[in-house]
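Below: the structure, in structure tokens.
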Amino acid sequence: PAAMRYTEARLNKLAEEMLRDIDKETVDFQLNFDDTLLEPTVLPTRIPNLLINGSAGIAVGMATNIAPHNLTECINGIVAYIDDREIDIQGLMHYIKAPDFPTGAFIYGYKGVQDAFETGRGRIIMRGRAEIESAKTHDKIVISEIPYMVNKAELIKHIADLVSLKKIDGISNVNDESDRRGMRIVVDLKRDANANV
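Numbers 114 to 310, taken from the numbering used here, label the letters of the sequence shown in order.
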């Protein structure tokens, strides 16, 4: 992974733009932990940062999971709201289609997305992306995207455990061939196994 300073350098211009109005007294300030500096009580940003980055957390008696969303779609939604203050949720959904997960994969069905946008509660079901590759001796299932919050190492271990417990037949090996070009989990099938099942 890149050193923190390189990431900070790349994000510096965007961060400055997000906080451009911090000196305009749009939010309250308080002393920091050692009373040497003033810091904002909330982050005054020009964009809906919470919606774009998402969040997950648990507090006393409450939990939240806010999915990340696409920056461009959110900005387009803001512009639509500025142009029409009476725009409803359906109108905003024309611009902000659905969450945008960094691991890719597919959102399976749209009902959960609609429920989340309309009520603040919704269940989004996701599927990974996989393709079948044919080799001379056997087929392979190649997984290139997994659902958000699924741990790749745990997924591979779970598949291997199911094979060793004989709950899944037809798999001869599972390998992680991921590299800097992207994710690649290869499930080698036995010669007589049907990859489409």
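Idealized CB from N, CA, C, for every residue including glycine.
Quick one, are the C-beta atoms of ALA176 and ALA229 less than 9 angstroms apart?
Counting from one through the sequence shown, the residue named residue 176 turns up at place 63. Counting from one through the sequence shown, the residue named residue 229 turns up at place 116. The beta carbons of ALA176 and ALA229 sit no closer together than 9 angstroms.
Compare the beta carbon distance of ARG242 and PHE219 with 9 angstroms and say whether it is the shorter of the two.
If you number the sequence shown from 1, residue 242 lands on position 129. If you number the sequence shown from 1, residue 219 lands on position 106. Yes, these two residues count as a Cβ contact at 9 angstroms.
In terms of residues, what are the limits of the beta strand (DSSP E) holding ILE298?
For the purposes of this step, residue 298 is taken as residue 185 along the sequence shown, with counting starting at 1. From DSSP, the beta strand (DSSP E) with ILE298 extends over 298-302.
Classify ASP228 as helix, strand or coil using the three-state DSSP reduction.
As a first step, residue 228 must be located in the sequence shown, where it is residue number 115. Helix.
Should MET239 go down as buried or exposed, given a rule of 16 or more other Cβ atoms within 10 Å for buried?
Along the sequence shown, read from residue 1 onward, the residue named residue 239 stands at position 126. Note on MET239: 16 or more other CB atoms within 10 angstroms of its CB, so buried under the neighbour-count rule.
Taking a contact to mean a Cβ-Cβ separation below 9 angstroms, would you say LEU97 touches ALA193 in this structure?
Nothing about residue 97 can be read from this structure; the chain reaches only from 114 to 310.
What did DSSP end up calling ALA308 once you bin it into helix, strand or coil?
On the sequence shown, residue 308 is found 195 positions in, with the first residue counted as 1. Correct three-state label for ALA308: coil.
Backbone secondary structure at ASP292 - three-state DSSP:
Walking along the sequence shown from the start, residue 292 turns up at place 179. Judged by DSSP in its simplified three-state form, ASP292 adopts strand.
CB contact flag (PRO153, ILE135, <9 angstroms):
The residue labelled residue 153 in the question sits at position 40 within the sequence shown. The residue labelled residue 135 in the question sits at position 22 within the sequence shown. Yes. Within cutoff.
What separation, rounded to the nearest whole angstrom, lies between the Cα atoms of LEU132 and ILE272?
Locating residue 132 in the sequence shown gives position 19, where the first residue counts as 1. Locating residue 272 in the sequence shown gives position 159, where the first residue counts as 1. Taking the straight line joining both Cα atoms gives about 45 angstroms.
Count the other CB atoms within 10 Å of the CB of THR158; is the residue buried (16 or more) or exposed (fewer)?
Here residue 158 is taken as the residue at index 45 of the sequence shown, counted from 1. Result: buried.
Continuous alpha helix (DSSP H) assignments of at least 4 residues falling wholly in the segment 170-245
Complete alpha helix (DSSP H) runs here, min 4: 184-196, 202-206 and 224-232.
Considering only the beta carbon of each residue, do ILE269 and VAL287 sit closer than 9 angstroms?
Working through the sequence shown from its first residue, we reach residue 269 at position 156. Working through the sequence shown from its first residue, we reach residue 287 at position 174. Contact: yes.
Could you give the DSSP three-state label for ILE165: helix, strand or coil?
Your numbering for residue 165 matches position 52 in the sequence shown. Helix at ILE165.
Going along the chain, which residues of its own chain have a beta-carbon closer than 6 angstroms to the beta-carbon of ALA169, five neighbours each way excluded?
Residue 169 sits at position 56 when you count from the first residue of the sequence shown. Cβ neighbours of ALA169 beyond the five flanking positions: ASN178.
Taking the beta carbon of GLU199 as the centre, do at least 16 other beta carbons fall within 10 Å, making it buried, or is it exposed?
Along the sequence shown, one-based indexing puts residue 199 at 86. Flag for GLU199 reads exposed.
Where do the ends of the beta strand (DSSP E) carrying ILE256 lie?
The residue labelled residue 256 in the question sits at position 143 within the sequence shown. Looking at the DSSP string, the run of the beta strand (DSSP E) that includes ILE256 is 252-258.
Would you report the Cα separation of ALA306 and ASP252, rounded to the nearest angstrom?
For the purposes of this step, residue 306 is identified with residue 193 of the sequence shown, where counting begins at 1. For the purposes of this step, residue 252 is identified with residue 139 of the sequence shown, where counting begins at 1. Counting only the Cα atoms, ASP252 lies some 8 angstroms from ALA306.
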